[in-house]
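**Q** Those protein sequence lines, which keep their order, are chains A and B. Residue 2 is where the first sequence starts when you use our numbering, and the numbers rise one by one after that. Residue 10 is where the second sequence starts when you use our numbering, and the numbers rise one by one after that. Just so you know, even glycine gets a beta-carbon here, dropped at the ideal spot from N, CA and C. Before we start, here is the structure in question, set down as structure tokens.
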Amino acid sequence: GAVVSQHPSWVICKSGTSVKIECRSLDFQATTMFWYRQFPKQSLMLMATSNEGSKATYEQGVEKDKFLINHASLTLSTLTVTSAHPEDSSFYICSAISGTSTDTQYFGPGTRLTVL
Amino acid sequence: QKEVEQNSGPLSVPEGAIASLNCTYSDRGSQSFFWYRQYSGKSPELIMSIYSNGDKEDGRFTAQLNKASQYVSLLIRDSQPSDSATYLCAVRLDTGRRALTFGSGTRLQVQP
Chain A
2 GAVVSQHPSW VICKSGTSVK IECRSLDFQA TTMFWYRQFP KQSLMLMATS NEGSKATYEQ
62 GVEKDKFLIN HASLTLSTLT VTSAHPEDSS FYICSAISGT STDTQYFGPG TRLTVL
Chain B
10 QKEVEQNSGP LSVPEGAIAS LNCTYSDRGS QSFFWYRQYS GKSPELIMSI YSNGDKEDGR
70 FTAQLNKASQ YVSLLIRDSQ PSDSATYLCA VRLDTGRRAL TFGSGTRLQV QP
């Protein structure tokens, strides 16, 4: 149980284009999902917390107009990187929590974004 | 001071030995603690969670928590080359938020 998927697993795009990444909880309902970014040889950096049906809460320094998050259902959250630039190239990972009584986060496999 | 601190390593141990990974955290009110393993190019996978002082064992893994010392550790017995990875300590800080704060990770190398 507690499987989280992400799509696509990797994407290459041109500078200035937008990229959408999907995060799905496959066998549970995710009340809360998180989006992380990880640069090479660095730890995970939380970008935003997403609760179903409400606006995402962004971490300090993360541009909410650039990284659009939509948590439209209990099994799906999307991250759209708008007007991507080479410095946005990174490994984007989502995680999800099942229910309200646990803190355990289950991670998706990640999406590697390369912006040319 | 970082909120969750880990030695970056690499920690090198021979196959069959015990690997000991350590983590300290700054928020005394923290209640939830996790160890994740991350292979290069992959996302983290949960190894263990621990909430109470003392030891918690799961197979070859033992998590140890000492809230008074604000210290959590992970022991890996009978280390295998396949255990070579980066181990991330994660803490739910006492901020009211559900997000976890991750340490920078310790890279473990198990030598065959």
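#1: Assuming contact is defined by CB atoms lying nearer than 7 Å, are proline 110 of chain A and glutamine 7 of chain A in contact in what I supplied?
#2: Is alanine 49 of chain A buried or exposed, if buried means 16 or more other CB atoms sit within 10 Å of its CB?
#3: Whole angstroms are fine: how far does the CA of histidine 86 of chain A sit from the CA of asparagine 71 of chain A?
#4: Hey, does proline 53 of chain B have any beta-carbon neighbour from chain A nearer than 7 Å?
#5: In whole angstroms, what is the alpha-carbon distance linking leucine 55 of chain B and leucine 117 of chain A?
#6: Out of curiosity, what's the CA-to-CA distance linking asparagine 75 of chain B and leucine 84 of chain B?
#7: Three-state secondary structure (DSSP) at serine 91 of chain B?
#8: Spell out whether any CB of chain A is found under 7 Å from the CB atom of phenylalanine 111 of chain B.
#9: Within 10 angstroms of the Cβ of threonine 103 of chain A, are there 16 or more other Cβ atoms? Answer buried if so, exposed if not.
#10: Is valine 4 of chain A buried or exposed, if buried means 16 or more other CB atoms sit within 10 Å of its CB?
#11: Indicate whether at least one CB of chain D lies closer than 7 Å to the CB of alanine 108 of chain B.
#12: Rounded to the nearest angstrom, how far is the Cβ of alanine 94 of chain B from that of glutamine 47 of chain B, given a contact under 8 Å?
#13: Between glycine 114 of chain B and chain A, is there a C-beta pair that is closer than 7 Å?
#14: Give me whichever residues DSSP pairs with asparagine 16 of chain B in a beta bridge.
#15: Should leucine 69 of chain A and alanine 31 of chain A be called a contact, given that it needs their Cβ atoms to be closer than 7 Å?
#16: Which complete alpha helix (DSSP H) runs does the stretch 43–108 of chain A hold, if anything under 4 residues is left out?
#17: Please work out which residues of its chain come closer than 6 Å, Cβ to Cβ, to glutamate 23 of chain A, disregarding the five sequence neighbours upstream and downstream, and give them in chain order.
#18: I think arginine 107 of chain B touches threonine 33 of chain A, with their Cβ atoms under 8 Å apart; what is that distance to the nearest whole Å?
#19: Quick check: what's the CA-CA separation for proline 90 of chain B versus valine 119 of chain B?
#20: What are the partner residues of arginine 113 of chain A, as DSSP defines its beta bridges?
#21: Which partner residues does threonine 104 of chain B have in the DSSP bridge list?
#22: Tell me whether tryptophan 44 of chain B is buried or exposed, calling it buried when 16 or more other Cβ atoms sit within 10 Å of its Cβ.
**A** Inspection of the coordinates gives the following:
#1: yes
#2: buried
#3: 21 Å
#4: For proline 53 of chain B, the answer is yes, since a Cβ of chain A falls inside 7 Å of its Cβ.
#5: 33 Å
#6: 14 Å
#7: helix
#8: yes
#9: exposed
#10: Under this definition valine 4 of chain A is an exposed residue.
#11: Of the chains in the structure shown, none is chain D; the protein chains are A and B.
#12: So it is a contact: roughly 6 Å between Cβ atoms.
#13: yes
#14: The partner list for asparagine 16 of chain B (beta bridge, DSSP) is empty, contrary to what the question assumes.
#15: no
#16: DSSP runs (the alpha helix (DSSP H)) wholly in the stretch 43–108 of chain A: none.
#17: Same-chain partners within the cutoff: His8, Thr79.
#18: Arginine 107 of chain B to threonine 33 of chain A, Cβ: 6 Å. Contact.
#19: 5 Å
#20: A:Trp11, A:Phe92
#21: Looking at the DSSP assignment, threonine 104 of chain B forms no beta bridge with any residue, so it has no partner.
#22: Buried: at least 16 other Cβ atoms inside 10 Å.
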